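In the numbering used here, the protein residues as written are 1491 to 1587.
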């Protein structure tokens, strides 16, 4: 099980080199919105916690509309704000990482 909360001893290092897996994609190609607006610079980020098993059957996708960040269960390395679902995700919690 892995602890999703990184140390904030060096917040800038955590922002640049996260201790948990963070994936970013986008911004290589402009994104055309349904309304006709084009977003030239955009990015989607997500984090993973724990280990994917051999059958890949233990993945859980948590989608949200409450915040604008990927820090569901870890501390934002810049603001220091805790994840918005830390009570639910982590070792021994309902979503046990």
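Quick reminder that beta carbons are idealized off the backbone N, C-alpha and C, glycines included.
Computed from a predicted structure; not experimentally measured.
Check                                                                                                       : Outcome
Hey, is the region 1519-1526 in contact with the region 1564-1574, meaning 3+ C-beta pairs nearer than 8 Å? : no
If we call anything under 7 Å between Cβ atoms a contact, is residue 1587 one with residue 1539?            : yes
Can you give the Cα-Cα distance for residue 1583 and residue 1526, rounded to whole angstroms?              : 43 Å
Are residue 1572 and residue 1562 touching if we call contact CB-CB under 7 Å?                              : no
Alpha carbon to alpha carbon, what distance is there between residue 1528 and residue 1564?                 : 32 Å
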